[in-house]
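In the UniProt record's numbering, the protein residues as written are 1 to 257.
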């Protein structure tokens with residue numbers, strides 16, 4: 001094997017693919033089968049509210065999972081939709097549930113995906129970038145893939161949550177609170193979620209924003225979605241998300257050059 005091939009193989013090995021862990025995948029699949037879960041009730045409505053009209057657009061979904069957003073984009077009139085995900089399980093599930101001919105799936109990490117410059121009108125990513133080690137490198141790639149005046153819209157676990165992933169909410173005489181410490185310590189961490197040692201990366205809000213700005217994006221909107229009182233009444237388990245925002249959602253526009 002050539003040295004370049006060996007290096008490529010080593011790079012692929014270090015990219016986490018937790019969704020192909022059988023225990024993790026089956027647990028996650030059961031969670032997402034509930035259409036009234038967190039993603040469908042809170043995260044996806046916010047993502048979709050930030051998007052321009054998709055009719056006739058070429059759309060990409062990074063970390064496409066089961067293909068839900070890809071099918072949504074096609075239903076909204078997108079001319080072509082590309083979904084990528086590093087998980088064989090996810091891509092297989094997406095293909096099984098997709099009949100649309102203008103949707104193409106590829107099992108590949110975003111770190112290794114290559115596309116032509118100025119190819120996409122809209123790129124979306126849902127709760128995936130906190131799994132990425134080199135965020136600036138990915139943003140640079142995305143910038144090159146987007147046409148001028150095109151948009152990147154994405155969500156990540158909120159840095160308030162990733163700063164102290166093992167900390168539980170507290171409560172005192174003034175009510176419930178979420179402790180925050182070591183917020184500025186940006187690093188890799190491991191968390192138990194269905195299985196042990198799920199690798200994620202903590203970054204500050206300013207790092208997410210400034211990386212986009214430094215790459216050439218204009219920030220259109222930043223949202224921190226949280227459940228309202230009506231939702232908490234019907235889903236009391238969501239009350240924890242009112243103490244601290246679970247997600248950071250950013251919409252950005254590639255500057256025209």
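Where is the CB? At the ideal position from N, CA and C, for every residue including glycine.
Could you tell me whether the Cβ atoms of residue 123 and residue 54 are closer together than 8 Å? To locate residue 123, count along the chain shown from 1; it is residue 123. To locate residue 54, count along the chain shown from 1; it is residue 54. No, the Cβ-Cβ distance between residue 123 and residue 54 is not below 8 Å.
Residue 235 versus residue 225 - alpha carbon distance: Position 235 of the chain shown, counted from the first residue, corresponds to residue 235. Position 225 of the chain shown, counted from the first residue, corresponds to residue 225. Across the structure, residue 235 and residue 225 are spaced so that their CA atoms are roughly 16 Å apart.
Can you tell me the Cβ-Cβ gap for residue 207 and residue 186, rounded? I've got them flagged as a contact below 8 Å. One-based indexing of the chain shown puts residue 207 at position 207. One-based indexing of the chain shown puts residue 186 at position 186. Right, the Cβ-Cβ distance comes to about 6 Å (below 8 Å), so this counts as a contact.
Whole-angstrom Cβ separation of residue 62 and residue 155, contact assumed at under 8 Å? In the chain shown, the residue the question calls residue 62 occupies position 62. In the chain shown, the residue the question calls residue 155 occupies position 155. Incorrect: roughly 11 Å between the Cβ atoms, too far for contact.
Among the residues of its own chain, which have a CB less than 8 Å from the CB of residue 189, if the five just before and after it don't count? Against the chain shown, residue 189 aligns to sequence position 189. Around residue 189: 162, 165, 199, 200, 201 and 202.
Report the rounded CA-to-CA distance for residue 65 versus residue 94, giving the unit in angstroms. Taking the chain shown and counting its residues from 1, one reaches residue 65 at position 65. Taking the chain shown and counting its residues from 1, one reaches residue 94 at position 94. Using only the alpha carbons, I get a separation of about 7 Å.
Beta-carbon within less than 6 Å of residue 104's beta-carbon, same chain only, minus the 5 sequence neighbours each way: which residues are those? Translated into positions along the chain shown, residue 104 becomes position 104. Within the same chain, and ignoring the five residues on either side of residue 104 in sequence, the residues whose Cβ sits closer than 6 Å to its Cβ are 82.
Strand pairing of residue 218, partner residues [DSSP]: For the purposes of this step, residue 218 is identified with residue 218 of the chain shown, where counting begins at 1. DSSP output for residue 218 lists 253 as bridge partner(s).
Measure the beta-carbon distance from residue 98 to residue 56 and round it to whole angstroms, keeping in mind my assumption that it falls under 8 Å. Position 98 of the chain shown, counted from the first residue, corresponds to residue 98. Position 56 of the chain shown, counted from the first residue, corresponds to residue 56. For residue 98 against residue 56, the beta-carbon gap comes to about 20 Å, at or over 8 Å, which does not count as contact.
What is the DSSP secondary structure of residue 86, counted as helix, strand or coil? Taking the first residue of the chain shown as position 1, residue 86 is located at position 86. Three-state result, residue 86: coil.
C-beta contact flag for residue 113 and residue 84 at 8 Å: Indexing the chain shown from 1 puts residue 113 at position 113. Indexing the chain shown from 1 puts residue 84 at position 84. Contact flag set, yes.
Please name the residue in 241, 52 and 254 whose C-alpha comes closest to that of residue 38. The count along the chain shown starts at 1 and reaches residue 38 at position 38. Ranking the options by Cα distance to residue 38, first place goes to 241.
Measure the CB-CB distance between residue 102 and residue 215 and report whether it falls below 8 Å. The residue given as residue 102 occupies position 102 in the chain shown. The residue given as residue 215 occupies position 215 in the chain shown. Going by C-beta atoms, residue 102 is not nearer than 8 Å to residue 215.
Counting along the chain, where does the beta strand (DSSP E) carrying residue 155 start and finish? Reading the chain shown from its first residue, position 155 is the one you call residue 155. First-last of the beta strand (DSSP E) with residue 155: 146-157.
In terms of residues, what are the limits of the alpha helix (DSSP H) holding residue 68? Here residue 68 refers to the residue found at position 68 when the chain shown is read from its first residue. Run containing residue 68: 68-75, per the alpha helix (DSSP H) assignment.
Residues bridged to residue 50 (per DSSP): As a working mapping, residue 50 is identified with position 50 in the chain shown. In the DSSP output, where bridge partners are listed per residue, residue 50 has none listed.
Residue 213 to residue 219 span [Cα, whole Å]: The residue given as residue 213 occupies position 213 in the chain shown. The residue given as residue 219 occupies position 219 in the chain shown. Spanning the two alpha carbons is a distance of roughly 7 Å.
For the alpha helix (DSSP H) containing residue 240, name the first residue and the last one. Counting from one through the chain shown, the residue named residue 240 turns up at place 240. Element bounds for residue 240: 240-243.
How would you label residue 180, buried or exposed, when you count the other beta carbons within 10 angstroms and need 16 or more for buried? Residue 180 sits at position 180 when you count from the first residue of the chain shown. So residue 180 ends up on the exposed side.
Hey, how far is the Cα of residue 144 from the Cα of residue 52? Along the chain shown, one-based indexing puts residue 144 at 144. Along the chain shown, one-based indexing puts residue 52 at 52. Approximately 20 Å, taken between the alpha carbons.
Less than 8 Å between the beta carbons of residue 160 and residue 245, yes or no? Position 160 of the chain shown holds residue 160. Position 245 of the chain shown holds residue 245. Yes, these two residues count as a Cβ contact at 8 Å.
Quick one, are the C-beta atoms of residue 50 and residue 254 less than 8 Å apart? Counting from 1 along the chain shown, the entry for residue 50 is found at position 50. Counting from 1 along the chain shown, the entry for residue 254 is found at position 254. No.
Best match in 43, 23 and 115 for proximity to residue 227 [C-alpha to C-alpha]: The sequence position of residue 227 within the chain shown is 227, counting from 1. Selection 43, 23 and 115 evaluated against residue 227 yields 43 as nearest (Cα-Cα).
Quick one: grab the DSSP three-state call for residue 91. Walking along the chain shown from the start, residue 91 turns up at place 91. Assignment of residue 91 by DSSP, reduced to helix, strand and coil, places it in the helix class.
With a Cβ-Cβ cutoff of 8 Å, do residue 178 and residue 248 count as a contact? Position 178 of the chain shown holds residue 178. Position 248 of the chain shown holds residue 248. Contact flag unset, no.
Since residue 74 and residue 106 are thought to touch, with beta carbons under 8 Å apart, how far apart are those beta carbons, to the nearest angstrom? Along the chain shown, read from residue 1 onward, the residue named residue 74 stands at position 74. Along the chain shown, read from residue 1 onward, the residue named residue 106 stands at position 106. Not a contact, Cβ separation roughly 16 Å.
What are the complete beta strand (DSSP E) segments, minimum 3 residues, inside the region 180-213? Along the region 180-213, the beta strand (DSSP E) occurs as fully enclosed runs of 3 or more residues at 188-193 and 195-201, listed in sequence order.
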